[in-house]
Amino acid sequence: MIHHKHSLLLLILSLFFVTCKDSGTGSEETDLEPSLRNSPTFPVGYAIQRTHLDDFQYLQLLRNEASSISAEYEMKMNPMYNNQNAVDYGIVDQIVGIADELEVRVHGHALLWHSAVPGWMNSFSGTDAEFESLIEDYVKDVVSRYRGQVASWDVVNEAFEDGSGNPLRNSVFRQKMGDDYIEKVFRWAREADPDVLLFYNDYNLAANGSKLDAVLDLADDFIARGIPIDGIGFQMHISYNWPSEQNIMLATNKVVSRGLQIHYSELDIRVNPDGASDSYTPELDQRFTDRTEFIFNFYKNLPEESQFGITWWGVKDDDTWLRDFWDNQNEWPLLFDSEFNPKPAAQVIIDLFE
Ligand code: 9MR
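Heads up, the sequence shown is in our numbering, so the first residue is 480 and it goes up one at a time.
As structure tokens, this is what we get:
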């Protein structure tokens, strides 16, 4: 039923768009020719929110310029498992259904993340065995429900500390399930879907060499012991001048040389990290374009089998989490401006593939 309602909605929106375009009144200046969906040889994605998918302009943009989506928050545990008695699949079913209509890949983000733990789970008073069995059921239910529809999951997100020695974060998962909780979850996910790609995802992996080493030690150990893992997600919340190109290349190549896929999973590029500018000047846009060109050009030259794709963490500049996070600091870190117009960097990406 949901499926058919969405088909109809998409059909109506398509007709509306074609009509606007023909009569010259529409948003045709926002179209890129060719497109970010078709030109790049690897998937280009965006983080989206469920409500975006009710918005004609987002839908149109995703239809033309996306080949993958991630849910910015709705596929995390706290929204889905807020009620201890039942996992709520409503919103995620809708996201997956609309992605299917749009024919874009869905990357699942994320099964376990210490920052997205429901309140009841943090104060769980049962035994450790009961806790573990709840998590096992959750992971297996979610992964098997979306088998064939969700191509890949960030199985565990941000498990390592940033500081000295990069130990495992002392999350509720580690406390109750032990130091080997990560491998348990990867195994459960694989049991639930033999074909889904399984990623470990984290931030600052191109900037923090010892943290990357901790992640790679985990991956090497998994590979040696036959525990399933298909790739590593570098979140890539970066700036125009940090980390260095050299560090990005070295870190990425360490993943590639292990035969793992690499996903730049949450790309955004700060162009105003010191907060000096209160408007988006040509100079800031040039910073954005140059950095985007470097990232996409480098990624494009990786072995094809390593390229899972590049996902922007939002569609348009005013979607970004960074403006809140850095206390309303002005930032323009994404590929489209707040009116859905592509920045020059979008055409630069396309031209890399011509
Ligand atoms: O951008 C996301 C924001 O909208 C959510 O409120 C927040 C909590 O769910 O998560 C943000 O995304 C984070 C991602 O899931 C993991 N890496 C860091 C991202 C920015 O905080």
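For every residue, glycine included, the Cβ atom is placed at its ideal position computed from N, Cα and C. Please read all numbers here as calculations on a predicted model, not as lab measurements.
- The segment 793-812 and the segment 740-752 touch, with three or more beta-carbon pairs separated by less than 8 Å.
- In the same chain as glutamate 772, and ignoring 5 residues on each side of it, the C-beta atoms closer than 6 Å to its own belong to Val827, in chain order.
- Setting aside the 5 residues that flank it on each side, leucine 697 has no residue in the same chain whose C-beta is closer than 6 Å to its C-beta.
- Using a 10 angstroms sphere on the CB of asparagine 564, the tally of other CB atoms stays under 16, which defines it as exposed.
- Bridge pairing for asparagine 680: Asn636, Gly712 [DSSP].
- For the options Ala755, Glu818, Gln628, the alpha carbon positioned closest to that of leucine 581 is the one of Gln628.
- Here the alpha carbons of glutamine 654 and aspartate 816 stand approximately 43 Å from one another.
- Assignment of leucine 647 by DSSP, reduced to helix, strand and coil, places it in the strand class.
- Bounds of the beta strand (DSSP E) holding leucine 590 are 584-592.
- With three or more CB-CB distances shorter than 8 Å, the segment 765-779 counts as touching the segment 718-738.
- DSSP places glycine 569 in the uninterrupted alpha helix (DSSP H) bounded by 569-581.
- Look at proline 821 here: in three-state DSSP terms it is strand.
- CA-to-CA, the gap between proline 707 and valine 694 works out to about 15 Å.
- Going by beta carbons, tyrosine 568 and arginine 624 fall inside the 8 Å limit.
- Boundaries of the alpha helix (DSSP H) harbouring aspartate 620: 607-624, taken from the DSSP string.
- Per the C-alpha coordinates, the member of Gln786, Arg802, Ile774, Gly788 positioned closest to alanine 824 is Ile774.
- Relative to the Cα of asparagine 543, the nearest Cα in the group Leu511, Thr520, Ala668 belongs to Leu511.
- Rounded to whole angstroms, the Cβ separation of glutamine 740 and glycine 710 is 3 Å, and the two are in contact under 8 Å.
- Leaving aside the five residues that flank glutamate 551 on each side, the residues in its chain whose CB is nearer than 6 Å to its CB run, in chain order, Ala526, Gln528.
- In the three-state reduction of the DSSP assignment, tyrosine 743 falls in the strand class.
- Proximity to ligand 1 was defined by a C-beta distance below 5 Å to any of its heavy atoms, and the residues meeting it, in sequence along the chain, are Glu551, Tyr552, Trp800.
- In terms of CA proximity to valine 651, Ala638 leads the group Leu515, Ala638, Pro673.
- A straight line joining the alpha-carbon of tyrosine 778 with that of leucine 647 spans about 29 Å.
- Within the model, the alpha-carbon separation for glutamate 724 versus alanine 686 is close to 10 Å.
- DSSP, reduced to helix, strand and coil, places asparagine 780 outside both helices and strands of the structure shown, so it counts as coil.
- For arginine 802, the closest of Pro752, Gly788, Leu831 by C-alpha to C-alpha distance is Pro752.
- DSSP places isoleucine 702 within a helical segment (H, G or I) once states are collapsed to three.
- The secondary-structure analysis by DSSP pairs valine 523 across a beta bridge with Ile789.
- Taking a contact as a CB-CB distance under 8 Å, the pair leucine 541 and isoleucine 829 does not count as one, their CB atoms being some 16 Å apart.
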